[in-house]
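A.B. asks:
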């Protein structure tokens, strides 16, 4: 068994036994541990509260030496998420891989990080966008200049994620 | 000049391309090219080979290499991938264990304990156990005699999967020592970073280069003294020699050239004299 596979199985077991609040994650199918699906609940008292957002995690063959990649598979509008859903946060990058210019104190990928840490960072990201790193320029601009409009879009995304009628 | 040219995209500019990932992909490609050229741990070769890497009339280096050859006869190159200090240190130390059973026994106990220490510092067990197991496994293969020659050890260190896991574990041991002596080491960290931040940005991630602070912490944590010979363009015709910890008598010897570490071996005839450097 490859060491990446062994580690991913250990992490899956860990997440199943002690699931952190607001997230579920696991392999898409048991035949391929290198592709996971995650469900992320929008954090309380934020504009994403109550939404349930699906995302895909893709692990490299040398995981956990290299970080996974993450992409929302639902519609998402957020300063740190590319329009195609890819998540752009510091923990998904090793130090040095930072053309985006994250703060130097931001959390980075290392072999002792984990899927759980990544997903918890994504929840924090939903609660508090990083304005310095604009993966979605329109979303970053709206977050800065027209918060009300941003909240309205977030509300629509929450409703959509729950299959509720859109206002 | 065509007046409309300013409206056109610049050569090679593709607005749909994710620039971030393009830059990272290019860095990975460069790393891969380096990787394919140089072994993680190279074969032992005569130190004379070092002279041929510099022009004959490059006196600054040639003089210092002569100085180095007064004490050292052989060297072993390592891949310049940012992990070279950890890989060189670990290989040179493990190689010395092939002929030193009491030290091997001592170090197996150190390695055994280090896992509990890391867990007590807050590292989740599932994130460290694979690295620990791999590290411990190689030590036990030395103990059982399954790995008994430098060539066998070299083969293990050129198996990237194992080799990188050994590096990660040494990085964790280093981080563990820094974190448990936070107050002391906080004086040596530049800028606003805390010891914890320093560890998670500069020690734990792969490919991050090592500085004095890494060397001080690793030699203290493992109690393996190392002698580092600094070869650079500085004046004086002699390499600068540092023992870690200061005043210790070194068990392993490394060559430092700006940004990179290789392994050195003493001139066997003068072996005894060198420890007094």
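Chains as they are written, first to last, in the numbering used here: chain A, 1 to 167; chain B, 1 to 277. Just so you know, even glycine gets a beta-carbon here, dropped at the ideal spot from N, CA and C.
#1: Pick helix, strand or coil for residue 40 of chain A, following the three-state DSSP scheme.
#2: Residue 54 of chain B by DSSP, collapsed to three states: which one?
#3: So which residues on chain A does residue 163 of chain B lean against when the C-beta distance must stay under 8 Å?
#4: DSSP three-state call for residue 38 of chain B: helix, strand or coil?
#5: Closest by CA to residue 54 of chain A, which one among A/143, A/128 and A/123?
#6: Give every residue of the same chain whose Cβ lies closer than 6 Å to the Cβ of residue 228 of chain B, excluding the five residues on either side of it in the sequence, and list them in chain order.
#7: Would the segment 135–142 of chain B and the segment 105–119 of chain B be scored as touching if the rule is three or more Cβ pairs under 8 Å?
#8: Which chain A residues sit within Cβ distance under 7 Å of residue 55 of chain B?
#9: Along the chain, where does the beta strand (DSSP E) containing residue 26 of chain A start, and where does it finish?
#10: If we require 4 or more residues per run, which alpha helix (DSSP H) segments fall completely within the segment 154–228 of chain B?
#11: Taking the alpha-carbon positions, what's the residue 146 of chain B to residue 132 of chain B distance?
#12: Below 8 Å, how does it come out for the segment 72–89 of chain A and the segment 186–200 of chain B: are there three or more Cβ pairs, yes or no?
#13: Under 8 Å, CB to CB, which of the residues in the segment 119–152 of chain B have a partner in chain A?
#14: Say whether chain B places a C-beta atom closer than 8 Å to the C-beta of residue 6 of chain A.
#15: Under 8 Å Cβ-Cβ, which residues of chain A neighbour residue 204 of chain B?
#16: Using 8 Å as the cut-off, can you tell me whether the segment 169–185 of chain B makes contact with the segment 111–129 of chain B, which would need three or more C-beta pairs spanning the two stretches below that distance?
#17: Suppose you measure from the CA of residue 209 of chain B to the CA of residue 86 of chain B; what does that come to, to the nearest Å?
#18: Quick one: what's residue 264 of chain B bridged to in DSSP?
#19: Using a Cβ-Cβ cutoff of 8 Å, what residues of the segment 235–251 of chain B are near chain A? List them in chain order.
#20: I'd like to confirm the pairing. Which residues does DSSP put opposite residue 54 of chain A in its beta bridges?
#21: How would you call residue 226 of chain B, buried or exposed, if buried means at least 16 neighbouring beta carbons within 10 angstroms?
#22: Do residue 44 of chain B and residue 74 of chain B have their C-beta atoms within less than 8 Å of each other?
#23: I'd like to confirm the pairing. Which residues does DSSP put opposite residue 244 of chain B in its beta bridges?
#24: Work out the CA separation of residue 33 of chain A and residue 9 of chain A for me, nearest whole Å.
#25: Report the three-state DSSP secondary structure of residue 45 of chain B (helix, strand or coil).
#26: Is there a Cβ of chain B sitting closer than 8 Å to that of residue 140 of chain A, yes or no?
#27: Could you check what DSSP says for residue 87 of chain A in three-state terms: helix, strand or coil?
#28: Pick helix, strand or coil for residue 32 of chain B, following the three-state DSSP scheme.
#29: Go through its chain and collect everything with a Cβ distance to residue 139 of chain A's Cβ below 6 Å, but skip five positions before and after it.
#30: Look up residue 70 of chain B in the DSSP assignment and say whether it is helix, strand or coil.
#31: Can you check whether the C-beta of residue 201 of chain B is within less than 8 Å of a C-beta belonging to chain A?
#32: Is residue 77 of chain B buried or exposed, if buried means 16 or more other CB atoms sit within 10 Å of its CB?
#33: Would you tell me roughly how many angstroms separate the C-alpha atoms of residue 31 of chain A and residue 50 of chain B, rounded to the nearest one?
#34: Taking all protein chains shown into account, decide if residue 262 of chain B is buried (16 or more other Cβ within 10 angstroms of its Cβ) or exposed.
#35: DSSP on residue 168 of chain A, reduced to helix/strand/coil?
#36: Are the C-beta of residue 71 of chain A and some C-beta of chain B separated by less than 8 Å?
C.D. replies: So, from the listed chains and residues:
#1: In the three-state reduction of the DSSP assignment, residue 40 of chain A falls in the strand class, which pools E and B.
#2: The answer is coil: DSSP assigns residue 54 of chain B none of H, G, I, E or B.
#3: None at all; the shortest Cβ gap to chain A is about 11 Å.
#4: Coil at residue 38 of chain B, not helix or strand.
#5: A/123
#6: 242, 254 and 256
#7: yes
#8: The premise fails here: residue 55 of chain B is roughly 32 Å from chain A at the closest Cβ pair, so nothing lies under 7 Å.
#9: 23–29
#10: 160–180, 182–185, 195–198 and 212–222
#11: Between the C-alpha atoms of residue 146 of chain B and residue 132 of chain B there is a straight-line separation of about 19 Å.
#12: no
#13: So the close ones are 123, 124, 126, 127, 128, 129, 130, 131 and 134.
#14: yes
#15: 110, 111 and 112
#16: yes
#17: 9 Å
#18: B/75 and B/253
#19: none
#20: A/39
#21: Residue environment analysis places residue 226 of chain B among the buried positions, since at least 16 neighbouring C-beta atoms fall within 10 angstroms of its C-beta.
#22: With respect to residue 74 of chain B, residue 44 of chain B sits close: the two C-beta atoms are nearer than 8 Å.
#23: Residue 244 of chain B pairs with B/226.
#24: If you take the alpha carbons of residue 9 of chain A and residue 33 of chain A, they lie about 7 Å apart.
#25: strand
#26: no
#27: strand
#28: helix
#29: Exclusion of the five residues before and after residue 139 of chain A leaves 77, 78 and 79 as the residues of its chain whose Cβ lies within less than 6 Å of its Cβ.
#30: coil
#31: yes
#32: buried
#33: 50 Å
#34: buried
#35: Since the first residue shown for chain A is 1 and the last is 167, residue 168 of chain A is missing from the structure and cannot be characterised.
#36: no
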